[in-house]
Structure formats: structure tokens, C-alpha cells
Amino acid sequence: MVEFKSEAALAAMRESGRVVATALAEVERAAGIGVSLRELDEVAREVLRKAGATSPFLGYRPSFAPVPFPAVICASVNDAVVHGIPTGYRLRDGDLVSIDCGALLNGWAGDAAVSFTVGAARPEDRQLIDIARRALAAGIAAAVVGNRTGDIAHAIGTVARAAGYGLLDGYGGHGIGRRMHEDPHLPNEGRPGRGFPLKPGLVLAIEPMLIAGGTDTHTTDPDGWTLRTTDGTRAAHVEHTVAITPTGPRVLTLP
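Here it is, written out as C-alpha cells:
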């Protein structure tokens, strides 16, 4: 069931979105050579605590997961695309890091992700992240009244494929509101004019997941959560929570 949000609800989601934006900014600021992924998780936990927010990630257990998710961020490094569990791994020079974070505040959710490099960045990593951001921007630009979810998917896929990148098969964005994952599902590739109609009050988490090698497939780590590229190439994941409004898309997870 798809829920359309009132202006009051969108205002509340903007506040949870700000918490997410702050957490992501603090995590990226703290990331450096020698810093562990668990330490980055602690940074995000402190931001949520100070804001009076809780984590929709912590304890989350969808049907595919063998265990509940044990952290408040997903920390995916290099060939890990999404859902990486923060471990004692210490960041190394040149690592490509994707951080996904959510917040629940006053009953409303926010969800966003960033990708960045640590230390000396490879030119190909900078390009991958740049194209991921462009794909996200294209998806947001297509999130207007009168379009459909297929228009957003087509916009994202067009940017990614033109650069020769793969898109993580079977995964994409989603509706969001009182829960982190709501209907409708939002693919990262599709046909324009198809899918769920975009109407005022619909809120979507738009999240391109790009694979440098051009493949779409993945493997799953023994932890049951971390998804990796099958070809061993690097990946980037970026995301914003976006409201459909009569005056255009409203990004709720900006600082």
C-alpha cells in the first residue's frame, strides 16, 4: 500500500532527513586511513543519540537475512556494493567507501547514502562516484508530478549505461515514510511512462548503485548481508530521500 504524505508529514521527514545528512557528513569527516568501520558506526550512533533519533537499520531483519543487521550504518568498501556490516577493518589509502544511513525521528524515517574515497583517490574511482551522483541527480530531476517510477528509473539507467557501468541487479530505491521501506519499489533502470504514477505526497528513496566493471550481478558474503561485485571491480552507492510536490522534487536529506 502506498501512503501519500501531508505537508506536516513532509516537514517531519525533513527533520529526520537532516539527522541523516548530519550523520553522513560526520562519518565522512571522520573517515581516514587507519580508522575502522566500527569507529565510523560509533560516529553515526552519537549523531542519532544527540538528535533523539533511532536507527531503522539496527536490528532490521528482512526475509533474506540470516541475522538482524547489527549497526546503524552500512559501510561498503571497494567491491562491496551495499549492505556492508561495519567491522574492525581499518581504512587504507585509496579505499572507495559507501556509507548508507537512516534515522527515525518522531515516527518518520529518512534514508541517504554517500560514496567517497580515503587518501589518494584513483581517477577511475572519482569518475565512478561522479557518474553515480549524476545518475542520482537525473533521477531526482525526473521525480515530478505526472511522471512515473519508470521515468526515474530510465533517467538513472541512461546515465549509468552511457558511462559503461553496471547496475546492481534486483536492487533499487523504495517508498519511505513511517517505515524505512514502503511501496512502491523503484528500479534503477526501466522504461519511461511505465510504473507507479508520481503524485504529490509520494516520498521515494532514490538510490543508484553503480558497478565499475559494467556487470550487474553480485555475490553475498558469508555474513548474509554484504553484496559484492562478481567481477571484483569497485562500486558506488548514493541516495537521497525525495518528496514529490506540485512545485517539483523536494530533497529531504540535505543538510
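Using this note's numbering, read the sequence shown as starting at 419 and increasing by one per residue. Beta carbons are placed, not taken as given, at the ideal position from N, Cα and C, and that holds for glycine.
{"Item": "How should LYS423 be labelled, buried or exposed, when 16 other C-beta atoms within 10 angstroms of its C-beta is the threshold for buried?", "Value": "buried"}
{"Item": "Might you give, ordered along the chain, the residues of its own chain that have their beta carbon closer than 6 Å to the beta carbon of GLU433, omitting 5 neighbours on each side?", "Value": "LEU523"}
{"Item": "Is the Cβ-Cβ distance between VAL438 and ALA448 less than 7 Å?", "Value": "no"}
{"Item": "Consult DSSP for GLY591 and reduce its assignment to one of helix, strand or coil.", "Value": "strand"}
{"Item": "For ALA498, write down the residues that DSSP places opposite it in a beta bridge.", "Value": "ARG646"}
{"Item": "For SER406, I'd like the list of residues in its chain whose CB is within less than 7 Å of its CB, leaving aside the five on either flank, ordered along the chain.", "Value": "In the structure as shown, the chain starts at 419 and stops at 673, and residue 406 therefore has no counterpart that could be examined."}
{"Item": "Distance check for PRO480 and HIS603, CA to CA, integer angstroms please.", "Value": "15 Å"}
{"Item": "Which same chain residues, not among the five before or five after GLU421, have their C-beta less than 7 Å away from its C-beta?", "Value": "GLY595, GLU600"}
{"Item": "Where does the unbroken beta strand (DSSP E) through VAL445 begin, and where does it stop?", "Value": "First-last for VAL445: 425 to 448, but that is the alpha helix (DSSP H), not the beta strand (DSSP E)."}
{"Item": "Throw me the rounded Cβ distance for the ASP497 and ALA653 pair, which I believe falls under 8 Å.", "Value": "7 Å"}
{"Item": "Spatial neighbours of GLY642 within its chain, please: C-beta separation below 7 Å, excluding the five flanking residues on both sides.", "Value": "ALA483, PRO484, VAL485"}
{"Item": "Out of PHE614, ILE624, VAL490, which one is the CA nearest neighbour of ARG668?", "Value": "ILE624"}
{"Item": "Taking the CB atoms as reference points, tell me whether ARG612 and ARG566 lie closer together than 7 Å.", "Value": "yes"}
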